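Residue numbers (my numbering): 21 to 409. For glycine and all other residues, C-beta sits at the position ideal for the given N, C-alpha and C. In this text, all values refer to a predicted model and were calculated from it rather than measured experimentally. Below is one structure, written out as structure tokens, with a few remarks after it.
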Amino acid sequence: MKNISRSVWILSLISLFTDTASEMLYPIIPIYLKSIGFSIVLIGILEGVAEATAGLSKGYFGKRSDATGKRVPFVQIGYAFSAISKPMMAVFIYPLWIFFARTIDRFGKGIRTGARDAILSDESTPETKGRVFGFHRSMDTLGAVLGPSLALIYLYFYPEDYKTLFYTAFIPGLLAVGTSFFLKEKRKINSTETKAPPFFSFLSYWKTSPPMYRKVATGLLAFTLFNNSDVFLLLKAKQSGLSDTAVIGIYIFYNLVYAAFAFPLGILADKIGLKKMLLSGIGVYAIVYFGMGFNHNIYVFIGLFTLYGIYAAATEGVSKAWISNITDKNDIATAIGTYSAFQSVCTMLASSLAGMIWYQFGANTTFIVTGTASIFILFYFVLMTNEKD
């Protein structure tokens, strides 16, 4: 804990509050959307478009943060956007409004992510990146335990009253915005920028980035192309006969495992190498998806979601820590933002593709295809030149 600075604590608390708000809604969104007439294909497209919006804005605002030398304003504005989006989904039930509200939430994520991760990088050293990013992920995911837990308690007393939860989620969102004002700008540079660059100007970073960055990002993006939304895991559990309460409960359990393992696995990653930890996580992911393809037993689901939590803890923070270690300090927000932009486009394709495969061939085929693809990605990283990890 001695490596966890005041700024890292503040950012982690902000993420905890925001994730409490978001995850209060996340496990019920597919159920809610189906209740108002959304098909599985439309749900997949909605999730994909929302994530693509987040990703493209991550690239642009990451570059803007590096160019202006400012981090805190991007963090504050980004979390504010996500907060105000929460009650919007309950106001109207028309598809275009749902798309707009979900996109506003993800747009806020895009504004803040590059600047936030750059602060985390600035508050750590190459030897402590794993634990700093892991601690932040752990606190962030703790919100994913609290949020669904509150939703579960509420739905126990008021079954299927989904709309009230959208309004309630606004409260922790406001707490996140308030906490963001305790952040202090530490990074001081003299910016020569006189006007905002074109929206897609961040794409030029790919050509000028270090070769190792392109190798790592290529592997991660290929993995993302087949790593569809968690919504499909929840729908698989629901399809196998679990009640709404059980689906939310198993999602809470997954996030509890994720929160518990993110920090210790980050510490371990600093010791054994970020690449080795990432490879271990992808291997666990393949096991989970092959298991999901053949399982209908609730007890096996618990085991698979346990492994899924370990996979997430071993990869999500570690991948950003690895990227921040192989890029110039002045380009970290741009590097992470550019990677995230491509990542979210791949997520859009992955979620849309998964929805169509599920619709045409069934859930089992969706999970088997994903598991097989992840094995190929694992081999790519194994064969990739083991330079700086």
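Residue of the options minimising C-alpha distance to residue i
{"i": "threonine 188", "options": "Trp342, Glu205, Glu43 and Gly337", "result": "Glu43"}
{"i": "phenylalanine 252", "options": "Phe177, Lys90, Asn345 and Ile65", "result": "Ile65"}
{"i": "tyrosine 331", "options": "Thr347, Tyr319 and Leu298", "result": "Leu298"}
{"i": "tryptophan 378", "options": "Ile292, Leu62, Ser141 and Ile173", "result": "Leu62"}
{"i": "arginine 126", "options": "Gly329, Ser364 and Phe387", "result": "Ser364"}
{"i": "serine 339", "options": "Ile118, Ile191, Leu285 and Tyr178", "result": "Leu285"}
{"i": "alanine 333", "options": "Ile352, Ile302, Met376 and Asn345", "result": "Ile302"}
{"i": "glycine 337", "options": "Gly382, Ser229, Ile322 and Ala138", "result": "Ala138"}
{"i": "arginine 157", "options": "Leu36, Thr184, Tyr233 and Glu180", "result": "Leu36"}
{"i": "lysine 79", "options": "Trp226, Leu175, Pro179 and Tyr182", "result": "Inspection of the sequence shows that residue 79 is occupied by glycine rather than by lysine. Comparing Cα positions, the closest option is Trp226."}
{"i": "alanine 280", "options": "Met312, Thr326, Leu172 and Glu205", "result": "Thr326"}
{"i": "isoleucine 270", "options": "Gly193, Gly357 and Ile318", "result": "Ile318"}
{"i": "leucine 324", "options": "Leu369, Phe273 and Thr335", "result": "Phe273"}
{"i": "alanine 121", "options": "Gly82, Ala70, Asp160 and Thr145", "result": "Ala70"}
{"i": "tyrosine 174", "options": "Ala74, Phe201 and Ile268", "result": "Ile268"}
{"i": "methionine 109", "options": "Tyr182, Leu162, Thr148 and Glu147", "result": "Tyr182"}
{"i": "aspartate 142", "options": "Val92, Ala266 and Tyr176", "result": "Val92"}
{"i": "phenylalanine 94", "options": "Glu205, Leu116 and Thr145", "result": "Glu205"}
{"i": "tyrosine 278", "options": "Val28, Val165, Ile48 and Lys90", "result": "Val165"}
{"i": "alanine 266", "options": "Thr335, Thr40, Leu33 and Ile48", "result": "Ile48"}
{"i": "alanine 412", "options": "Thr73, Gly239 and Phe314", "result": "For residue 412 there is no data in the structure shown, the boundaries of the chain being 21 and 409."}
{"i": "asparagine 315", "options": "Ile388, Ala282 and Thr335", "result": "Ile388"}
{"i": "serine 371", "options": "Asp250, Ser263, Gln259 and Lys296", "result": "Asp250"}
{"i": "arginine 136", "options": "Val236, Ser300 and Lys90", "result": "Lys90"}
{"i": "glutamine 259", "options": "Thr228, Pro218, Phe219 and Met312", "result": "Met312"}
{"i": "isoleucine 287", "options": "Trp29, Pro50, Phe153 and Val28", "result": "Phe153"}
{"i": "cysteine 366", "options": "Ala237, Val320, Lys296 and Ser300", "result": "Ala237"}
{"i": "aspartate 264", "options": "Phe219, Ala171, Ser300 and Phe201", "result": "Ala171"}
Burial state of residue i, where buried means 16 or more other Cβ atoms lie within 10 Å
{"i": "leucine 403", "result": "exposed"}
{"i": "phenylalanine 399", "result": "exposed"}
{"i": "tyrosine 52", "result": "buried"}
{"i": "proline 290", "result": "The identity of residue 290 in the sequence shown is aspartate, whereas the question assumes proline. Answer is buried; the Cβ neighbour count reaches 16."}
{"i": "valine 197", "result": "buried"}
{"i": "phenylalanine 396", "result": "exposed"}
{"i": "glycine 391", "result": "buried"}
{"i": "glutamate 407", "result": "For glutamate 407, the predicted structure reports a pLDDT of 46, less than 50, and the residue's modelled location is therefore unreliable. A value from the coordinates is still provided. Its Cβ having fewer than 16 others within 10 Å, glutamate 407 is exposed."}
{"i": "glutamate 180", "result": "exposed"}
{"i": "valine 7", "result": "Since the first residue of the chain shown is 21 and the last is 409, residue 7 is not available in this structure."}
{"i": "leucine 294", "result": "buried"}
{"i": "arginine 26", "result": "exposed"}
{"i": "tyrosine 328", "result": "buried"}
{"i": "threonine 148", "result": "buried"}
{"i": "leucine 116", "result": "exposed"}
{"i": "threonine 73", "result": "buried"}
{"i": "phenylalanine 401", "result": "buried"}
{"i": "isoleucine 34", "result": "buried"}
{"i": "glycine 261", "result": "exposed"}
{"i": "tyrosine 359", "result": "buried"}
{"i": "threonine 145", "result": "exposed"}
{"i": "serine 55", "result": "exposed"}
{"i": "isoleucine 118", "result": "buried"}
{"i": "proline 192", "result": "buried"}
{"i": "glycine 57", "result": "exposed"}
{"i": "serine 59", "result": "exposed"}
{"i": "valine 28", "result": "buried"}
{"i": "proline 231", "result": "exposed"}
{"i": "tyrosine 114", "result": "exposed"}
Inter-residue CB distance, residue i and residue j (contact presumed, cutoff 8 Å)
{"i": "proline 453", "j": "phenylalanine 190", "result": "The requested residue 453 is not part of the displayed model; the chain covers only 21 to 409."}
{"i": "leucine 140", "j": "leucine 31", "result": "7 Å"}
{"i": "phenylalanine 222", "j": "alanine 361", "result": "7 Å"}
{"i": "arginine 151", "j": "asparagine 23", "result": "6 Å"}
{"i": "serine 105", "j": "threonine 38", "result": "That belief does not hold up - the Cβ atoms of serine 105 and threonine 38 are roughly 11 Å apart, past 8 Å."}
{"i": "alanine 374", "j": "asparagine 248", "result": "4 Å"}
{"i": "leucine 245", "j": "leucine 369", "result": "6 Å"}
{"i": "glycine 357", "j": "phenylalanine 186", "result": "29 Å between Cβ atoms; not a contact."}
{"i": "tyrosine 176", "j": "threonine 184", "result": "About 13 Å; that fails the 8 Å criterion."}
{"i": "glycine 167", "j": "alanine 41", "result": "7 Å"}
Heavy atom of the ligand SAH within 7 Å of residue i beta-carbon
{"i": "isoleucine 287", "result": "No copy of the ligand SAH occurs in the structure displayed, which carries no ligand at all."}
### Query
Are three or more beta carbon pairs between the region 98–115 and the region 127–146 nearer than 8 Å?
By the C-beta criterion, the region 98–115 is judged to be in contact with the region 127–146, since at least 3 inter-stretch pairs fall below 8 Å.
### Query
Quick one: any contact between the region 341–358 and the region 306–321, if contact means 3 or more CB pairs under 8 Å?
Contact between the region 341–358 and the region 306–321 is absent, with fewer than three C-beta pairs closer than 8 Å.
### Query
Do the region 83–91 and the region 349–362 make contact, defined as three or more Cβ pairs closer than 8 Å?
The region 83–91, when compared against the region 349–362, does touch it at the 8 Å Cβ threshold.
### Query
Would you call the region 249–268 and the region 368–383 in contact, with 3 or more CB pairs under 8 Å?
Verdict: yes, contact present.
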